[in-house]
Every structure is written in structure tokens, then in C-alpha cells.
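First the structure, in the form of C-alpha cells, and then the observations on it.
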Amino acid sequence: MERIRAFVAVDIQDKSVLEVVRRVQEDLSRYVRAKFVELENFHFTLKFLGEISEDAVDEVYGAMKELEFKPFDLELRGVGCFPNTRRVNVIWIGTREGGDKLTSLANELEKKLRRLGFESEQRPFSPHATIARVKYVQSRDGLISALEKMRELEIGRIKVESIKLKRSQLTPKGPIYTTLRSLP
Numbered sequence: 017m018e019r020i021r022a023f024v025a026v027d028i029q030d031k032s033v034l035e036v037v038r039r040v041q042e043d044l045s046r047y048v049r050a051k052f053v054e055l056e057n058f059h060f061t062l063k064f065l066g067e068i069s070e071d072a073v074d075e076v077y078g079a080m081k082e083l084e085f086k087p088f089d090l091e092l093r094g095v096g097c098f099p100n101t102r103r104v105n106v107i108w109i110g111t112r113e114g115g116d117k118l119t120s121l122a123n124e125l126e127k128k129l130r131r132l133g134f135e136s137e138q139r140p141f142s143p144h145a146t147i148a149r150v151k152y153v154q155s156r157d158g159l160i161s162a163l164e165k166m167r168e169l170e171i172g173r174i175k176v177e178s179i180k181l182k183r184s185q186l187t188p189k190g191p192i193y194t195t196l197r198s199l200p
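Quick note, our numbering runs 16 ahead of the 1-based positions in the sequence shown.
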């Protein structure tokens with residue numbers, strides 16, 4: 017039986033938001049060598065599942081359907097990095113208004129998936145959307161300065177109206193994401 021690399025996410029498809037993200041990526045590319053997330057793949061991960069069986073797809077979707085989920089507004093604001101500015105591995109976009117609802121949704125999903133045998137996350141959920149995986153920092157001072165200026169940057173607002181179970185196929189050119197199930 018085929019194994020599927022999967023995760024549950026909120027896709028971000030708003031064109032004005034994606035345009036701001038594109039400009040942020042372009043600006044940051046002066047300071048880092050990185051794998052920038054393709055705009056069509058931009059999302060908030062609620063839960064990374066790893067390799068799952070085809071049978072588990074329906075089980076995960078069943079757990080998703082149990083969520084208390086109503087559409088909500090989500091404000092995307094601020095640019096930051098993990099783990100810190102001394103060692104930048106990931107650059108991300110954060111949230112403000114609605115971030116608590118995204119966190120609640122992720123935590124509720126975590127509990128439902130734990131009952132199915134999925135391992136719990138070791139770290140608390142932090143609502144963020146990755147925009148770059150950093151390979152090398154060319155100008156630490158430039159990067160720190162840019163991140164400081166973008167710390168409160170208004171990216172835009174989206175309406176969270178669905179969550180999706182996605183397949184991630186890793187290729188040399190980058191991941192290909194396919195929606196397996198969608199919960200409106």
C-alpha cells in the first residue's frame with residue numbers, strides 16, 4: 017500500500033496578500049540564500065502528519081469533520097524567523113487578529129488526531145506561514161535590520177473558510193502539494 021506524506025493546512029490564495037508576500041521574499045533575497053516558498057504553496061500548517069497510509073486519509077478526514085469550525089477572518093501581520101536571528105533556518109509571516117482561532121483549531125485537531133494514534137507535537141502551536149527555508153545568510157546585519165523593519169508589517173487579511181488535508185510530494189524542484197480532502 018502506498019504511503020502518502022501529508023499535512024492539514026489553511027491555504028492562502030488571496031492575490032493581494034500573495035503580492036505582499038512576493039515583495040517581502042524579493043526584499044529578503046538580498047540578505048539570504050534560501051528556498052522561497054512558491055506562492056501557490058503558501059499556507060498555514062495546522063498539523064504535519066508525516067507518512068500515512070491511504071486508509072488513514074479517510075480517518076484523518078473523519079477527525080477533521082469533528083472540528084467545531086466556523087469561517088473567521090485572519091489578519092496576516094509581521095515577518096520573523098525561527099529559531100532566532102543568530103541561526104536563521106526559517107522565515108515566516110505571522111498573524112494578529114484571528115491567530116487565536118487558528119491556534120484553537122490546530123489544538124482541537126491535535127487532540128482528535130492523538131486519539132487516532134498520531135504523535136503529539138512537542139512544541140506549542142505557533143500560527144505562522146513559512147515563506148523561506150534559509151540555506152545561508154549572506155548579510156546578517158542586513159537581514160536583522162530587514163526583519164526588524166518588517167516585524168509589524170501589515171500583509172493583509174484572509175477569510176478562513178476551509179481546512180485541507182494535503183499531500184506533499186517532494187521533488188528536486190520543490191514540493192508539489194495536492195488537496196486530498198477539503199472541509200468547508
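Quick reminder that beta carbons are idealized off the backbone N, C-alpha and C, glycines included.
Who are the near neighbours of K175 in its chain, counting only those whose CB is closer than 7 angstroms to its CB and skipping five residues on each side?
Taking the sequence shown and counting its residues from 1, one reaches residue 175 at position 159. Cβ within range, chain order: P87, D89.
Considering only C-alpha positions, which residue in the set F52, F64, V37 is nearest to R139?
Position 123 of the sequence shown, counted from the start, is the residue given in the question as residue 139. Looking at the Cα atoms, F64 is the closest of the given residues.
Residue closest to L159, alpha-carbon to alpha-carbon, out of A22, E35, V40:
Within the sequence shown, residue 159 is the residue found at index 143, counting from 1. With distances taken between Cα atoms, L159 lies closest to V40.
With 16 as the cutoff for other CB atoms within 10 Å, does R93 come out buried or exposed?
One-based indexing of the sequence shown puts residue 93 at position 77. Under this definition R93 is a buried residue.
Closest by CA to V48, which one among S142, E164, K182, K151?
For the purposes of this step, residue 48 is taken as the residue at position 32 of the sequence shown. Among S142, E164, K182, K151, the Cα nearest to that of V48 is on K151.
Does the stretch 185-199 come into contact with the stretch 101-118, if we say contact requires no fewer than three beta-carbon pairs (one atom in each stretch) closer than 8 angstroms?
no
D13 versus E164: straight-line alpha-carbon distance, rounded
Since the first residue shown for the chain is 17 and the last is 200, residue 13 is missing from the structure and cannot be characterised.
Cβ-Cβ distance between I147 and I109 below 8 angstroms:
Counted from its first residue, the sequence shown places residue 147 at position 131. Counted from its first residue, the sequence shown places residue 109 at position 93. The answer is yes: Cβ separation under 8 angstroms.
Grouping DSSP H, G and I as helix and E and B as strand, with all else coil, what is G78?
Within the sequence shown, the letter at position 62 stands for residue 78. Three-state DSSP puts G78 in a helix.
Runs of beta strand (DSSP E) lying entirely within the stretch 110-180, each at least 3 residues, in chain order:
145-153, 170-176
Find out if the Cβ-Cβ distance for the pair A145, F85 is shorter than 8 angstroms.
As a working mapping, residue 145 is identified with position 129 in the sequence shown. As a working mapping, residue 85 is identified with position 69 in the sequence shown. No. Outside cutoff.
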